[in-house]
Structures are given as structure tokens and as C-alpha cells.
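Letter by letter, the sequence shown follows residues 0 to 376 of numbering that gives the first Met the number 0. Where a beta carbon is used, it is the ideal one built from N, C-alpha and C, also for glycine. Report on the structure given below.
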Amino acid sequence: MSYDGDMLYIRPSYYNEFECIAGECPDTCCAGWQVDIDDAQMEKYRKMSGTLGELLKKNINEEKKCFYNDPKTDRCSFLDDDNLCILYKHAQSESVWCETCRMYPRHIEEFENVREISLGLSCPESSRILLSKKETIRFSYEEDDTEEAYDEFDYLLYDKLVEARKVLFSILQDRRFPTRKRASLSLLLTGILQQELDEDRIFDMDDTIAHFREKKGQLMDGVPVQTVSDRFKTGFAIFDRLEQLEPLRQAWKERRERARGTLYAKGEKAYGELLQAFHQEWEEGEGRREELEIIREHLLVYFVFIYFCGSVYDDQILNKMRLATFSADLLEELFIASWEENGHQLSLEDEIWITHAWCRELEHADENLNLLEDMLS
Ligand code: SF4
């Protein structure tokens with residue numbers, strides 16, 4: 000925590016490994032949505048002359064302050080046939096980009112004197128980096144002397160959320176237990192914290208956090224294991240909720256609908272058999288079961304890192320944890336569906352595609368994120 004007025008920057012340890020793979024990218028971020036231009040860059044674009052200035056005039060929607068997309072392909076009009084940025088090629092510098100293009104896929108959560116910076120998994124390269132990691136994800140802390148003061152910021156609650164999140168990470172990264180147990184215990188902790196906050200017992204949160212920190216091993220032993228029947232019902236509910244979200248991309252909609260049929264259309268018994276076959280093959284495959292558990296752990300930690308402390312602004316502590324478990328459960332269901340649909344094959348590339356596609360739907364449509372949070376409450 001930064002109490003002396005300096006700005007604290009928190010990043011996952013793999014943050015600096017990211018480098019855009021541009022033309023090699025399997026699903027460029029320069030297509031499928033509208034790239035908004037910030038006011039400062041818009042002013043610079045307006046002043047540019049010569050070939051670049053002419054290009055900008057033709058390809059910017061002045062009214063909406065965004066780049067035009069090709070109406071047929073929905074690709075940014077500055078994207079060439081090799082998936083490279085024409086603006087960058089002309090200027091030979093990232094300074095020609097608007098803030099969205101310069102920042103993506105970096106994601107920043109802002110708190111008073113704290114910036115939590117991550118790599119959004121909607122970028123396939125970010126997903127590849129995270130999903131390929133075998134080790135536990137750690138975080139780096141750096142400070143500089145930037146200062147800021149918010150009109151209102153609940154430091155007391157934020158402090159407790161930061162402490163709670165450390166305990167959540169230690170639960171979620173405790174590899175002695177299955178990830179489903181770790182997720183259930185995390186939900187239990189956040190459920191108690193939510194109740195204490197709702198009842199204005201904010202100082203009781205310290206005891207709860209300390210209790211889970213000290214007793215997590217014993218508490219984990221008491222967490223019930225989810226039955227196939229529970230999992231079938233949960234999976235059904237997940238896909239019901241997904242139907243209510245507006246899909247950004249047709250490919251995602253098709254994948255989602257196909258998976259629903261593959262997993263649940265034949266009923267609970269068939270679902271149980273599918274799960275058993277999947278786990279049996281993965282148990283037998285060299286280290287593959289462990290690999291899947293590690294991916295699930297990383298996904299839970301990712302979603303908790305990005306969203307959990309945001310509850311300082313809306314008091315929805317439990318919902319933030321539910322969003323993390325919802326996403327991790329959904330992605331595992333989609334991995335299993337993909338394995339079944341592809342003749343019992345599931346590659347890292349499939350896992351990357353599924354992960355980044357879900358994150359594009361979630362993290363690039365505020366309506367979807369808000370609607371999902373409402374549904375989970
Ligand atoms: S999605 Fe990621 S890797 Fe692909 S072009 Fe965009 S930033 Fe680069």
C-alpha cells in the first residue's frame with residue numbers, strides 16, 4: 000500500500016514478456032470493434048498534413064471520433080492485407096497511435112495513488128503468455144513520486160480488500176487442493192466479507208481475513224466436493240446467462256451454442272460420462288490434468304486481480320468473486336466441449352482461442368460486464 004503520497008504500480012510478474020505479434024496474430028485487435036480516438040490524439044490528427052494527413056481525413060469518423068472500419072470485413076481501415084498498421088508503417092513510431100492502440104492489451108484499474116496494471120486476456124498473445132505459465136503468478140510493486148488526491152476514496156475499505164485479495168491469492172494458489180475447492184473456499188470468504196460490509200461491521204472483516212489466512216488448510220478440508228449433478232446444473236445456469244448477453248462476434252455465438260448442445264443436450268447422465276471420459280484421458284496423459292488445473296488457477300487469479308478491488312466503488316465483494324468463478328467454470332466447460340467436438344483433442348491453441356474470445360465478449364462490452372454482474376448478484 001502507498002500511504003506516503005507516492006504512486007504505487009502493481010503488475011503481474013509476466014507483464015514485461017508481452018510483445019505484440021502484429022502480422023502473426025491469429026485474431027488481430029484491429030478488427031471487429033470500433034477504435035475510439037482520444038481528444039488529444041484527435042487534435043494531432045487534425046493538424047497532420049501530407050500523405051498521412053490525407054489518409055487520416057479519409058479514414059476517421061469525425062463525428063464519432065473513431066477510425067472507420069471496412070463495412071464488409073469489419074477491419075480497421077488502417078489495417079493492411081498483412082495485418083500490419085498502415086499508420087505505424089508511415090510514421091515508423093507508436094506515437095502516431097491513439098491511446099487505445101498504444102495501450103492495448105494493457106488494462107489499468109485506478110485507485111487513489113495506486114494503479115493495478117495487467118495484460119487483458121482478450122489479446123491472444125496475452126492469453127498465450129498466461130496459459131503457458133507453469134509457475135505461480137506473482138506480482139511486482141513499484142513506486143514513483145506522482146501524487147494524486149481523489150475527492151472521495153474509501154481507503155479503509157480498499158485496505159481491507161487488498162488484504163482479503165492476498166488471502167484469496169494464497170487460497171487460489173494452494174496446489175495441495177483441487178481448484179474447485181479453492182474457488183469454493185474463496186466464495187465462502189467473500190460471502191462472509193460481503194455480509195459484514197452490508198451490516199456495517201467493517202472492522203470484523205479483519206478477523207475474518209486473519210481466520211482464513213491462518214486456517215485455510217483446515218477450512219479447505221471442510222469444503223464439499225461438487226457432485227456431477229451440481230456441476231450439470233451450474234453449467235446449465237452458466238449457459239442460460241450467456242444467452243442473455245449480446246454477443247459481439249458471430250464466431251463466439253456459434254461456439255457458445257455448439258458447446259451448449261455438446262455438453263448438455265443429452266441430459267445429466269451423458270454429461271457425467273463425458274466428464275469422466277475427459278478426466279480419465281487427462282489423468283492418463285503425461286501431466287495434462289495438472290496443466291489444466293494450473294490454467295484454471297491462473298484464470299481465477301487473473302479475474303480476481305483485475306476485478307476484486309473494484310468493489311471499493313460498488314461494495315459488491317461477493318459478486319467480484321462470483322464473476323471470477325463463473326469465468327473459470329465457463330472456460331473449463333468450453334474446453335471440454337472443444338475436446339469432445341475435436342475427436343478428443345484439446346491443444347493449447349484451442350484453450351487460447353476460447354479464453355481470448357470470452358474475454359473479448361466480457362471486457363470490451365461494458366453492457367455485458369454490467370449485465371453479468373447483475374445476473375450474478
Ligand atoms: S490482439 Fe494482441 S497480439 Fe494481436 S495484434 Fe492486437 S495487441 Fe497484437
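For Arg181, the uninterrupted alpha helix (DSSP H) run begins and ends at Thr178 to Asp197, by DSSP. A contact between stretches requires three or more CB pairs, one per stretch, nearer than 8 Å, and the stretch 77-87 fails this requirement with the stretch 6-13. Ser228: member of the alpha helix (DSSP H) spanning Val227 to Gln243, first to last residue.
Looking from the CA of Ser346, the closest CA among Glu147, Ser169, Ser131 and Cys28 belongs to Ser131.
By the rule of a C-beta closer than 5 Å to any heavy atom of ligand 1, the residues picked out are Cys19, Ile20, Cys24, Thr27, Cys28, Cys122 and Glu124. Leu155 sits exposed, since fewer than 16 C-beta atoms from the chains shown fall within 10 Å of its C-beta. Taking 4 residues as the minimum length, the alpha helix (DSSP H) runs contained wholly in the stretch 44-121 are 49-58, 85-90 and 98-102, in order along the chain.
Secondary structure of Ile36 (DSSP, three-state): coil.
Note that the stretch 190-200 touches the stretch 300-318; at least 3 beta-carbon pairs, one per stretch, sit closer than 8 Å.
Taking a C-beta distance under 8 Å as the contact criterion, Ile305 and Ser126 do not qualify as a contact pair.
DSSP, read as helix, strand or coil, puts Ser131 in helix. Spatial neighbours of Ala327 in its own chain (CB-CB distance under 6 Å, excluding positions within 5 residues in sequence) are listed in chain order as Arg295, Leu298 and Leu299. The beta carbon of Pro177 sits closer than 8 Å to the beta carbons of Val224 and Glu292 from its chain, once the five residues preceding and following it are set aside; these are given in chain order.
Per DSSP, reduced to three states, the secondary structure at Tyr13 is coil, with no helix or strand assignment. Nearest to Val34 by alpha-carbon distance, out of Lys64, Gly190 and Arg179, is Lys64.
Contact between the stretch 132-141 and the stretch 175-192 is absent, with fewer than three C-beta pairs closer than 8 Å.
Comparing alpha carbon positions, the residue from Arg287, Leu160, Gln172 and Ala236 closest to Ile201 is Leu160. The C-beta distance from Leu322 to Phe302 rounds to 6 Å, short enough to meet the 8 Å contact threshold. In the displayed model, Ala264 falls within coil according to three-state DSSP, outside both helix and strand. Judged by beta-carbon spacing, Gly234 lies within the 8 Å limit of Glu332, meaning their Cβ atoms are closer than that value. Across the set Thr72, Lys43 and Ile351, the C-alpha of Lys43 shows the shortest separation from the C-alpha of Ser94. Counting along the chain, no beta strand (DSSP E) covers Ser376, and no H or E run does either.
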